[in-house]
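Engineer: Questions regarding the structure given below will be posed in turn.
In the working numbering, the protein residues as written are 460 to 784.
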């Protein structure tokens, strides 16, 4: 299949948005409603890239991806377990793993060693579920679950204070079921109807309008929920789904026939940016304490770009040394 450089560029953008989500900057809260579309976009991309109408090829794609994600989950969890153990020695606190933590990891993908690694576990579970349904010839059933799972995410997530006047643990909905499956399936649906989607009149204009519109509605949702003191900590707004789909369709509609720096980074480094960036967040936050006030102030505003650049360099070094693919 011909390489989709436009989608590779989107992968890099999503990786940068994830860095923005996690960095504590003066403008973090202002842009948070916009950056929340990053992980849904990642799942949509994965569903789109893996799906094919050829059932044998689909099974092979899924099996190959499962093997890859099992390996990535193993080494990424081990890496962050070592980091957490080092901090445990430093703080003389070894309560780093309990039976409850293990249960959350198995049931809800909540990785006890890396807050962001839930995505890796969720993606693995999604691949296994899709493979099982495909082998049972019941894959069509999953399409009907999309609105139900997205509603569960909203009802017990961002809108839990509105509906129930209480917040639920975020891992109840931030997992393979309420995030991974619906967005991955949306990606599969778009691939299934690829010809109709790409031949849609003025797709690029409509997708651009969607990105603008749903960016504004995401910000409006955030303001309204905050105004009524009902802005739960969960990630996704109603508009987040539409923003993620619009952003994906916009990049899909772009004609990028040649590789560029962003598509190259998206192809090779986006996953490693996602996995490794918290390490550099921690490193720079510690190192920053020893710098002058001027540098601390500059880092406060530029930290996402600094962490991104350091993570990209680290990823490239690992690939040069053949430690990572």
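In this text, a Cβ means the ideal position worked out from N, Cα and C, and glycines have one as well.
All values reported here derive from a predicted model rather than from experimental measurement.
1) When you compare the CB positions of residue 707 and residue 500, do they come within less than 7 Å of one another, or not?
2) Look up residue 623 in the DSSP assignment and say whether it is helix, strand or coil.
3) Helix, strand or coil for residue 747 per DSSP?
4) Using the Cα positions of residue 515 and residue 712, report the straight-line distance between them to the nearest angstrom.
5) Could you pull out every residue in the same chain whose Cβ sits closer than 7 Å to the Cβ of residue 579, ignoring the five residues on either side in sequence?
6) May I ask which residues mark the beginning and end of the alpha helix (DSSP H) holding residue 500?
7) Any idea what DSSP makes of residue 647, helix, strand or coil?
8) Decide yes or no for the touch test of the stretch 727-740 against the stretch 675-695: beta carbon pairs closer than 8 Å, at least 3 of them.
9) Quick check: the Cα distance between residue 677 and residue 492, rounded to an integer number of angstroms?
10) Return the chain-ordered list of same chain residues with a C-beta closer than 7 Å to the C-beta of residue 673, the five sequence neighbours on each side being excluded.
11) Secondary structure at residue 752, three-state DSSP: helix, strand or coil?
12) Whole angstroms are fine: how far does the CA of residue 573 sit from the CA of residue 481?
13) For the stretch 599-616 against the stretch 463-479, are there 3 or more C-beta pairs whose distance is under 8 Å?
14) Alpha carbon to alpha carbon, how far is residue 464 from residue 709?
15) For the stretch 634-711, which segments carrying the alpha helix (DSSP H) assignment without a break, of at least 4 residues, lie completely within its bounds, in sequence order?
16) So, with DSSP's three-state summary, where would you put residue 594?
Structural biologist: On the basis of the coordinates in this document:
1) yes
2) coil
3) helix
4) 28 Å
5) 528, 531, 532 and 535
6) Looking at the DSSP string, the run of the alpha helix (DSSP H) that includes residue 500 is 497-509.
7) helix
8) Taking 8 Å as the limit for Cβ pairs, the verdict is that the stretch 675-695 does not touch the stretch 727-740.
9) 6 Å
10) Excluding residues within five positions, the ones whose Cβ falls inside 7 Å are 698, 701, 702 and 705.
11) Reduced to three states, the DSSP call for residue 752 is helix.
12) 12 Å
13) no
14) 13 Å
15) 640-651, 653-657 and 662-686
16) helix
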